[in-house]
Amino acid sequence: MRVGSALAPRPSLLNWGKLPVMRGGQGRGPERPLAVVALGGHAFVRQGEAPSIEIHERCAAEISAVLVTLVERGYDLVLTHGNGPQVGQLLLQTDLTRDELPAMPLDVLVADTQGWLGYVLQQALLNQLHQPHAQRHVVTMITQVLVDAHDPAFEHPSKPVGRFLTREAAERQRDAHGWHIAEDAGRGWRRHVPSPRPHEVIQWRMIRDAALQGHIVIAAGGGGIPVVRATDGQLQGIEAVIDKDLTSSVLATAIGAGLLVILTDVPQVYVDYRQPSQRGLDAVTMQEAERLIAEGHFAAGSMGPKVEAIDAFLRHGGRRGLITDPPTLAAALEGRGGTHFVGRL
Ligand code: ADP
Ligand code: MG
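The numbering of the sequence shown is the numbering used here, which starts it at 9 and goes up by one.
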């Protein structure tokens, strides 16, 4: 028998009881809450570790053990994840084999990482859930995400990808392959690609339907494969990457999730981060979050898109957002730890 149908998230200090994370919908019997959980880089590899398959499998087993806490609380789950280190690895392979094999474009490499990481994660989850009390099925969906061909990001490629190069080596790549190159925070030269905003997750209906059946769905890995719609209506992959937190927000809204969890490597969001006056945020309203964004508390490219993602989710009807790290998740779901975001009170 599966845990869940009758279980709602437990009431807590932070009023999980008063603000139940329930989705809409009729005629489906007992409703389970639906959560989207975005996994950061920590889910598959740790800073400073060689990104071998063994490390990926070990990290995936660890994160799966943590995710079970949501399954036990009766959530239907959609998981998204980043792919920065892995797509970097594939770009390097592409560079090293360019003379022997046709180079694959970035959208194809993002698809590769969805398959690779989806496999590792679904295997770890299946092994974790292989217990009579918690049977669930797990599926990975290769996910395209529609972006606007006129997104201003295409004029300003801002997202560094791949390895660090000397200026001369970077210029050779630019001349040979049309790369946009720039210096990355004084650490060396890298290829930069556009990071357009996600508009629509092409497979959202299937992701929703599978999740509502109780299957755990891994989707939109790496922020999704960026595609544009040509004037004749045809979809076309492009060489860009999409922020996984922003895509998770768009997906959570589309499938009517109540809860968006962003798991990263800090237990809470802070104001005055890394300053003597640093202070952890326990619970903030959407209005407070917007004020803190405007005051510049959250770094672009790391915490910024996470808070922005949750803010957009709440503005579009989401009930709750949570940013925390894996070790804190179980306590945070009971209101002890993490940073909680709620809509208009
Ligand atoms: P992920 O792989 O989970 O997306 P990121 O590195 O993109 O991780 O984002 C998490 C990082 O954001 C933290 O490790 C932290 O250094 C940084 N950060 C920037 N501003 C803040 C803030 N205000 N509060 C907490 N962390 C912050
Ligand atoms: Mg990130």
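Glycine included, C-beta positions come from ideal geometry on N, C-alpha and C.
- Ranked by how close their Cα comes to the Cα of ILE233, the residues GLU39, ASP240, GLN211, VAL225 have GLN211 in first place.
- A residue is called buried when at least 16 other Cβ atoms come within 10 angstroms of its Cβ; THR174 does not meet this threshold and is exposed.
- The segment 154–231 is shown to contain whole alpha helix (DSSP H) runs of 4 or more residues at 175–185, 212–220, in chain order.
- THR332 and ASN91 have their C-alpha atoms some 19 Å from each other.
- By the criterion of a C-beta distance shorter than 6 Å, ALA190 is surrounded in its chain by HIS200, once the five residues flanking it on both sides are discounted.
- With a cutoff of 7 Å, VAL147 does not count as near the ligand ADP, since its C-beta is closer than that to no heavy atom of the ligand.
- Burial of HIS64 is indicated by the presence of at least 16 other C-beta atoms within 10 angstroms of its C-beta.
- As DSSP reads the structure, VAL235 sits in a beta bridge with LEU154, GLY245.
- Partner residues in the beta bridge of GLY329, as assigned by DSSP, are LEU268, PHE349.
- Just so you know, the alpha carbons of LEU87 and PRO334 end up roughly 14 Å apart.
- Of the residues GLY345, GLY309, ALA291, LEU341, the one whose Cα lies closest to the Cα of LYS167 is GLY309.
- Counting the other Cβ atoms within 10 Å of the Cβ of LEU75 gives 16 or more, which makes it buried.
- The DSSP-derived three-state label of LEU341 is coil.
- Per the Cβ contact rule, the segment 304–320 is in contact with the segment 246–258 (3 or more Cβ pairs under 8 Å).
- For GLY56, the CB stays at least 7 Å from every heavy atom of the ligand ADP.
- The bridge partners DSSP lists for ASP84 are LEU42.
- Rounded to whole angstroms, the Cβ separation of HIS348 and ALA291 is 4 Å, and the two are in contact under 8 Å.
- Taken through DSSP and simplified to helix, strand or coil, ALA58 comes out as coil.
- Ranked by Cα distance from THR151, the first of GLU70, THR77, ALA302, ARG213 is ARG213.
- Taking C-beta atoms under 8 Å as the contact rule, ILE215 and ILE263 qualify, at a distance of about 6 Å.
- By the Cβ-count criterion, HIS138 is exposed, with fewer than 16 other Cβ atoms from all chains shown falling within 10 Å of its own Cβ.
- Inclusion of ARG171 and GLY123 in the CB contact set at 8 Å is not warranted, their separation being larger than that value.
- Distances taken from the Cβ of SER256 to the heavy atoms of the ligand ADP include none shorter than 7 Å.
- Out of GLY304, ARG327, LEU114, LEU289, the CA that lies nearest to the CA of ARG344 is found in LEU289.
- At a cut-off of 7 Å, the beta-carbon of SER203 does not count as near the ligand ADP: no heavy atom of the ligand is closer than that.
- Collapsing the DSSP output to three states places GLY288 in a strand.
- Taking non-hydrogen atoms of the ligand ADP into account, the C-beta of SER310 is found less than 7 Å away from one of them.
- Boundaries of the beta strand (DSSP E) harbouring VAL146: 146–148, taken from the DSSP string.
- In the DSSP secondary-structure assignment, THR77 is not bridged to any residue.
- For GLY312, the uninterrupted alpha helix (DSSP H) segment begins and ends at 311–323.
- Straight-line measurement puts the Cα of GLU62 at about 35 Å from the Cα of GLY186.
- Looking only at ALA119, VAL44, VAL79, ALA69, the smallest Cα-Cα distance to GLY229 is reached by ALA119.
- A check of alpha carbon separations from ASP273 across ALA43, PRO113, LEU47 identifies LEU47 as the nearest.
- Note that the C-beta distance between ALA248 and PHE321 is not below 8 Å.
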